[in-house]
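Here's the structure, in structure tokens; my notes come after.
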Amino acid sequence: MSGTHSSPSRIRMSGRSFLALTLTPEAPLTDWLAALDHQIQRAAGFFAGKPVILDLSLMQPSTPDLPYLLPALQERGIRVLGIEGGDKTWPAVANWEWPESPMGGRASGPVTIPENDMTPTLPPTLVVEESVRSGQHIIWPDGDVVILGAVSSGAEVTAGGSVHIYGALRGRAIAGIGGNADARIFTRSLAAELVAIDGFYATAEEMDAKCTDKPTQVLLTGETLAFKPLP
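Residue numbers (the numbering used here): 593 to 823.
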């Protein structure tokens, strides 16, 4: 008896990177939550849609009000992606749903919560007047980043808006974090390890060879990064 065998369906996979914020509560938790509420009032919507890592390294098993910490964050619309620095066997957190922190994350330094202003203004631009050296990480979730020098191999620039690099881009440039699909990346010489816009990325091997070492802009068209020469 003969039959036909259909080919297995292709599984489509792609990578996507996100900026996760880390919250490190301090005792007394009632005061810390009050301070958090004040920050949220100053910048309504800052945590909306952003993944958060909850760092319990400053907590103890007996810290007062610890059982109510995670529910309190959830009530404020803060989405906890992972928990680290504590121990899920502590009785105080026995009723928590304990998501494991994603592996491979790197600390990127403190993030400043912007203040709300009743007068509409353009998003602030961060200007870096020198090259970004290997191992350095520039993160500016509020607007564009302008690098007047180069971005070295092993360095990373991350922006909520567009990334403008007046020199060569040899490291990583990540634009449009937080859902800005209109962000772009501009460089006078494209030799990047990775570029990404709104979570869609391309590694060096996936970039358009015609733009290598040339002035280039990178933009998102649908779910694909496009590379276009600059004049």
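Glycine is no exception: its CB is placed at the ideal position from the N, C-alpha and C atoms.
Neighbourhood of residue i by C-beta, 6 Å cutoff - its chain only, sequence neighbours within 5 removed
| i | result |
| --- | --- |
| Lys820 | Gln809 |
| Ile757 | Ile739, Val743 and Thr779 |
| Ile766 | Thr750 and Ala788 |
| Leu718 | Trp732 and Val737 |
| Pro807 | Arg780 and Leu822 |
| Phe639 | Ile670 |
Expected contact under 8 Å - CB spacing of residue i and residue j to nearest Å
| i | j | result |
| --- | --- | --- |
| Ala775 | Ser745 | Between Ser745 and Ala775 the Cβ distance is about 23 Å, and since that is not below 8 Å, they are no contact. |
| Ile777 | Ile769 | The pair is not a contact, with the Cβ atoms about 12 Å apart (cut-off 8 Å). |
| Gly735 | Pro716 | 5 Å |
| Ala784 | Leu761 | 5 Å |
| Gly727 | Ala747 | 7 Å |
| Thr804 | Leu782 | 6 Å |
Distance between residue j and residue i (C-alpha atoms, nearest Å)
| i | j | result |
| --- | --- | --- |
| Thr681 | Thr655 | 14 Å |
| Val720 | Leu625 | 34 Å |
| Arg764 | Pro683 | 43 Å |
| Arg668 | Asp623 | 15 Å |
| Ala773 | Gly791 | 9 Å |
| Glu561 | Leu648 | No answer is possible for residue 561: the residues shown for the chain start at 593 and end at 823. |
| Thr813 | His729 | 27 Å |
| Pro663 | Trp688 | 8 Å |
| Gly752 | Ile731 | 9 Å |
| Ala801 | Arg634 | 46 Å |
| Glu815 | Leu658 | 42 Å |
| Glu798 | Arg725 | 24 Å |
| Ile632 | Leu786 | 33 Å |
| Leu811 | Asp679 | 43 Å |
| Ala796 | His630 | 43 Å |
Beta carbon of residue i nearer than 8 Å to that of residue j
| i | j | result |
| --- | --- | --- |
| Leu621 | Leu661 | yes |
| Leu650 | Glu618 | yes |
Residue environment, residue i, which counts as buried when at least 16 other CB atoms sit within 10 Å
| i | result |
| --- | --- |
| Ala686 | exposed |
| Asp709 | Because Asp709 carries a pLDDT of 47, less than 50, the predicted location of this residue cannot be relied on, and the following value inherits that uncertainty. The residue is exposed, with fewer than 16 neighbouring Cβ atoms inside 10 Å. |
| Pro653 | exposed |
| Leu817 | buried |
| Pro691 | exposed |
| Val737 | buried |
Chain-order list of residues whose beta-carbon lies under 8 Å from that of residue i (same chain, five-residue window excluded)
| i | result |
| --- | --- |
| Gly759 | Ser723, Ile739, Leu740, Gly741, Ala742, Val743, Thr779, Arg780 and Ser781 |
Residues near residue i in its chain [Cβ-Cβ closer than 7 Å; skip 5 each side]
| i | result |
| --- | --- |
| Thr616 | Asp647, Ser649 and Leu650 |
Closer than 7 Å: residue i CB and nearest the ligand ATP heavy atom
| i | result |
| --- | --- |
| Gly746 | Here there are no bound small molecules, and the ligand ATP is not part of this structure. |
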